[in-house]
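Reading through the structure tokens given below for one structure.
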Amino acid sequence: MMDVQTARAARTVRWRNCFSPDERTVLEEQPVALTINGSTYAVMLATPVDLEDFAVGLAFSEGLIDSSADILSFEAIALEMGLEARLWLEDTKANAVSQSRRAMAGPSGCGLCGVESLELTTRRLPYVNCKNFQVKADDLVDAMDTLEMHQPINLATRSAHAAALWKPGSGLITVREDVGRHNALDKLIGSCLRGGVSSEDSVLLITSRISLELVQKAAAFGAPLICAVSAPTTLALKAANTAGITLIGIARHDGFEIFTHAERVVG
């Protein structure tokens, strides 16, 4: 098993009316190359934990696989310059990947880096058909409050994003953290796929703004509702309206704002 380190100690100089030496736990960020059957597909900057979840979730979000059953094996390898998350797919899937490979180095969780045309940034999304799913407003506030205490990496470093799956009546199902918000969601999706956890009648809780890429990943996963601590972007709103996803932003201890498909939230 690869030795994983999510944070390191860093010396600092603290100012509190005077200068004094101190120490701070700093989040680990490393290049992670996703390889498919031995060829590099993408290089991302990520926190080196839950790498199998990350690889599976990213492959699914990119449309490279339909389910975890398409994966033959996984291996994480530590190299001098970073890490490799190696996926081996069945030949039919691997051949399709070779036609759309986008080997690139992107910033932390860069969701659209390396795409070859503007059309790919606004690709057609599957419609999330959960007409009868509703959630109570107070339950959403409680869920976001609960999430805050289930982020050990962020509690230690104050610099990690989290993505969580929450279900009414069941609470938090899975939480994943990463330096990149897109990576955190990919890790969450990968964890759910590997564990057989359905997105039906569930809510994605996110500790960041809601960008287009997050809505695209949520639609691929089939999640009907996203609740985030920050606001959505214009493209995220457009995509969510089209995909039938409820977007909730500015989630705080005393409330939130619903931007799309408000019928899913009741008092």
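No gaps in the numbering here: position 111 of the sequence shown is 111 in our numbering, and each next residue is one more.
Heads up, the beta-carbon is just placed ideally off N, CA and C, and yes, glycines get one too.
Just so it is clear, the structure is predicted and the values come from calculations on it, not from any experiment.
- For the set P232, Y41 and C192, the Cα lying nearest the Cα of N95 is the one of Y41.
- Proximity of the segment 177-192 to the segment 55-68 meets the contact definition, three or more beta-carbon pairs being nearer than 8 Å.
- DSSP places Q216 within a helical segment (H, G or I) once states are collapsed to three.
- Beta bridge pairing from DSSP links P168 with no other residue.
- A residue is called buried once 16 or more other Cβ atoms fall within 10 Å of its Cβ, and W166 is buried on that count.
- The alpha-carbon of D186 is positioned some 15 Å away from that of I173.
- Rounded to the nearest whole angstrom, the C-alpha separation of Y127 and D201 is 14 Å.
- Pairing F259 with T47, the inter-Cα distance amounts to about 31 Å.
- When beta bridges are read from the DSSP output, K136 appears opposite V266.
- Taking 8 Å as the cut-off, the beta carbon of I226 is found no closer than this to the beta carbon of A220.
- Counting other Cβ atoms within 10 Å of its Cβ, P21 stays below 16 and is therefore classed as exposed.
- Membership of E23 in the beta strand (DSSP E) is indicated by the continuous run F19 to L27.
- Distance from the CA of T92 to the CA of F256, rounded to the nearest whole angstrom, comes to 45 Å.
- If you keep only unbroken beta strand (DSSP E) runs of at least 3 residues inside the segment 14-95, you get 19-27, 30-36, 39-46, 71-78 and 83-89.
- For I258, the enclosing beta strand (DSSP E) starts and ends at G255 to T260.
- Contact between H161 and T207 holds, since their C-beta atoms are separated by about 5 Å, short of 8 Å.
- Using a 10 angstroms sphere on the CB of A69, the tally of other CB atoms stays under 16, which defines it as exposed.
- Cβ atoms of A10 and V26 come within 8 Å of each other, at about 4 Å.
- Scanning S159, Q216, S73 and M81 for the CA closest to the CA of G63 turns up Q216.
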